[in-house]
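Chemist:
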Amino acid sequence: MYKDAYEHTRYFAEECGKRIAGETEVIKASDYIVKEFESYGVDVELHHFKLPICKITHSQFKAKVDGDWKVLKHTPVLFAKETPAEGITYPLVYCEGGSIANIAAKDVEGKAVLICRDSYVEYPDLDMYKRLYQYGVKAVFYTSSDGHRDIPYVYANYSYMDEPFTIPTAILKYDDAMELAKREDVEIFYNCQFTLEETETRNTIGMIEGTNPELGNILVCAHLDSAESSVGAADDAGGVGCVMEMARYFGNLKKQGILPKRTIRFIAWSGHECGLYGSRNFILDYPEVIDNMKFVFNYDIIGNALSSPLIWAGCNEKVEKEINQVVEDCGFDWNVDIGPWIVDTISFAFKGIPHLTLTSGFYAINHTPYDNMHFISEQSFITPLQFSEAMLNWLVNTDDISQGYPEDLYEDMKKYGKMYGWGFFED
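Under full-length UniProt numbering, the first residue of the sequence shown carries the number 1, and numbering increases by one thereafter.
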């Protein structure tokens with residue numbers, strides 16, 4: 001099983017390469033999954049939907065220090081606002097983490113700001129954009145983390161691209177940003193243009209019908225698309241490899257006449273990286289499935305040779321206890337953290353659907369060219385698949401999966417979703 005998960009990952013990363021949602025490489029990868037699902041005896045469906053794609057046509061960042069202009073490596077934030085064709089030139093003000101106190105303490109009106117935070121973990125968010133707009137900031141530049149191998153590509157929210165508070169945004173290398181932060185006389189030049197178009201992509205769905213439809217259904221998922229510049233081996237080809245092996249496992253049981261009580265769907269999302277479009281459109285187009293969904297088991301970042309698995313979950317204490325029991329029964333000492341995370345499970349949180357995301361990654365390579373098979377090993381799939389088999393057997397066969405979240409957790413999910421403009425939370 002684990003060797004097959006590795007081979008799936010290798011195929012996506014090396015045979016398909018960069019799998020940007022809306023482009024042909026995602027379809028090639030989807031076709032591969034379809035053939036595999038069919039061979040497992042799993043029913044297959046393709047879910048087509050439209051989404052925006054953003055391509056960089058030109059981007060340059062320069063900093064003027066002691067009278068000299070120096071070109072610095074950067075990545076533009078996709079779906080942020082582009083600059084005028086001639087670019088923008090502003091004084092740069094360092095504002096630490098970008099808190100209200102940080103910004104209010106500096107003269108930032110009509111200037112660009114530099115904010116120190118791990119831009120891969122904390123994407124440019126709506127709350128920060130609105131805060132900067134309130135203080136008259138004209139452009140914002142974030143740092144990568146100190147340990148990131150390269151500058152990651154990250155995304156703003158396309159739905160808010162034309163709002164006045166959205167401003168030109170880019171990510172700088174940590175070391176370069178540190179040198180700029182030391183100075184008080186820095187001027188920057190930034191020029192970036194995008195092209196935007198609407199295109200079509202698809203989610204790839206496998207399904208095994210349960211024997212007791214009144215018990216509802218569960219979802220096993222990961223995202224097939226990769227970020228700009230990356231073949232996405234760990235993020236998230238490895239996750240899709242695990243989804244496929246769980247489909248094979250339950251498909252083999254089906255061939256033996258052993259069916260789950262609950263219907264189980266295996267989905268490889270497209271459109272994750274640019275804004276969770278795959279899970280969002282699934283919710284919009286399959287309301288009857290969502291109304292009866294009892295659990296979402298998600299993978300995001302799986303397969304790195306040096307890594308320690310971790311579970312992020314959204315659930316009540318009763319379900320949390322069951323997850324911890326499965327971890328203990330497997331002989332693992334993994335942490336089970338309860339709270340929101342920037343993954344597809346946030347799309348389902350508005351209904352209080354219990355969920356978990358299994359992650360086992362070396363995050364310092366993600367969204368860069370370094371996220372390739374060099375960092376992946378066969379053995380790194382063993383424990384994730386062992387846990388998956390045990391957890392999913394409980395999920396599909398137990399008579400009751402307690403629904404909903406504690407009120408404070410629901411509010412945290414809502415706050416997090418609205419901070420990025422993701423999910424379906426109402427005001």
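Where a beta carbon is used, it is the ideal one built from N, C-alpha and C, also for glycine.
#1: Can you give me the C-alpha to C-alpha distance between Ser-270 and Trp-341, rounded to a whole angstrom?
#2: Looking at C-beta atoms only, is the number of pairs between the region 362–372 and the region 181–188 that lie closer than 8 Å three or more?
#3: CB Lys-50 to CB Glu-198, shorter than 7 Å?
#4: Apply the 10 Å Cβ neighbour rule to Gly-275 and answer buried if 16 or more other Cβ atoms are within range, or exposed otherwise.
#5: Hey, would you say Ala-247 sits closer than 7 Å to Phe-37, going by beta carbons?
#6: Taking the straight line between their C-alpha atoms, what separation do you get for Ala-5 and His-148?
#7: Touching or not, the region 207–216 and the region 252–267, by the rule of three or more beta carbon pairs under 8 Å?
#8: How is Trp-394 classed by DSSP in three states: helix, strand or coil?
#9: Val-326 and Ala-222 - do their beta-carbons sit closer together than 7 Å?
#10: Among the candidates Tyr-174, Leu-219, Ala-29, whose CA atom is the shortest distance from the CA of Lys-294?
#11: Using only the alpha-carbon positions, how far apart do Ile-283 and Tyr-299 sit?
#12: At 4 residues or longer, what runs of the alpha helix (DSSP H) sit wholly inside the region 92–159?
#13: Please state whether DSSP places Pro-213 in a helix, a strand or coil.
#14: Tell me which same chain residues have a C-beta within less than 7 Å of the C-beta of Asp-125, skipping the five on either side of it?
#15: Over what stretch of residues does the alpha helix (DSSP H) that includes Lys-28 continue unbroken?
#16: Between the beta-carbon of Tyr-40 and the beta-carbon of Gly-241, is there less than 7 Å?
#17: Around the Cβ of Lys-35, are there at least 16 other Cβ atoms within 10 angstroms (buried) or fewer (exposed)?
#18: Whole-angstrom Cβ separation of Val-154 and Val-77, contact assumed at under 8 Å?
#19: So, Pro-168 versus Tyr-142, is the Cβ gap smaller than 7 Å?
#20: Closest to Phe-12 by CA distance: which of Gly-110, Ala-268, Lys-62 is it?
#21: In terms of residue numbering, what span does the beta strand (DSSP E) encompassing Gln-403 cover?
#22: Examine the Cβ distances between the region 129–145 and the region 99–119 and report whether three or more of them are shorter than 8 Å.
#23: Given this structure, state the Cα-to-Cα distance separating Gly-17 from Arg-280, to the nearest angstrom.
#24: Beta strand (DSSP E) containing Gln-193: first to last residue?
#25: Mapping the DSSP letters down to three states, classify Asp-285 as helix, strand or coil.
#26: In chain order, what are the residue ranges of uninterrupted alpha helix (DSSP H) at least 4 long that sit wholly in the region 232–307?
#27: Going by alpha carbons, who is nearest to Lys-62 out of Asp-146, Ala-101, Thr-75, Asn-393?
#28: Going by DSSP, what residues sit across from Pro-76 in a beta bridge?
#29: Going by beta carbon distance, what residues of the same chain come within less than 6 Å of Tyr-286, once the five residues before and after it are set aside?
#30: Phe-60 lies in the beta strand (DSSP E); which residues open and close that run?
#31: Could you tell me how far apart the beta carbons of Ser-119 and Ile-188 are, in whole angstroms, since I believe they sit closer than 8 Å?
#32: Pick from Ile-151, Ser-145, Ala-105: whose alpha carbon is nearest that of Leu-132?
#33: Who are the Cβ neighbours of Glu-82 in its own chain at under 8 Å, not counting the five residues just before and after it?
#34: Among the candidates Lys-351, Ser-347, Val-343, whose CA atom is the shortest distance from the CA of Thr-359?
#35: Which of the three DSSP states is assigned to Asp-329 in this structure?
#36: Could you check what DSSP says for Leu-224 in three-state terms: helix, strand or coil?
Modeler: In terms of the structure at hand:
#1: 18 Å
#2: No contact exists between the region 362–372 and the region 181–188.
#3: yes
#4: buried
#5: yes
#6: Using only the alpha carbons, I get a separation of about 26 Å.
#7: yes
#8: helix
#9: no
#10: When C-alpha distances from Lys-294 are compared across Tyr-174, Leu-219, Ala-29, the shortest belongs to Leu-219.
#11: 18 Å
#12: 100–104, 126–134
#13: If DSSP states are grouped into helix, strand and coil, Pro-213 belongs with the helices.
#14: Met-419, Tyr-420
#15: It spans 24–40 - the alpha helix (DSSP H) in which Lys-28 sits, taken as one unbroken run.
#16: Result no, Cβ atoms of Tyr-40 and Gly-241 do not sit closer than 7 Å.
#17: Flag for Lys-35 reads exposed.
#18: 6 Å
#19: Against a cut-off of 7 Å, the Cβ pair of Tyr-142 and Pro-168 comes out as no contact.
#20: It is Ala-268 whose Cα lies nearest to the Cα of Phe-12.
#21: For Gln-403, there is no enclosing beta strand (DSSP E), since its DSSP letter is neither H nor E.
#22: yes
#23: 25 Å
#24: 187–208
#25: If DSSP states are grouped into helix, strand and coil, Asp-285 belongs with the helices.
#26: 238–255, 277–285, 287–291
#27: Thr-75
#28: Ala-170
#29: none
#30: At residue 60 the sequence reads Gln, which differs from the Phe that was named. It spans 43–65 - the beta strand (DSSP E) in which Gln-60 sits, taken as one unbroken run.
#31: Not really, about 17 Å apart at Cβ, beyond 8 Å.
#32: Ala-105
#33: Counting only residues of its own chain and dropping the five nearest sequence neighbours on each side, Glu-82 has a CB closer than 8 Å to the CB of Pro-168, Cys-192, Gln-193, Phe-194.
#34: Val-343
#35: If DSSP states are grouped into helix, strand and coil, Asp-329 belongs with the helices.
#36: coil
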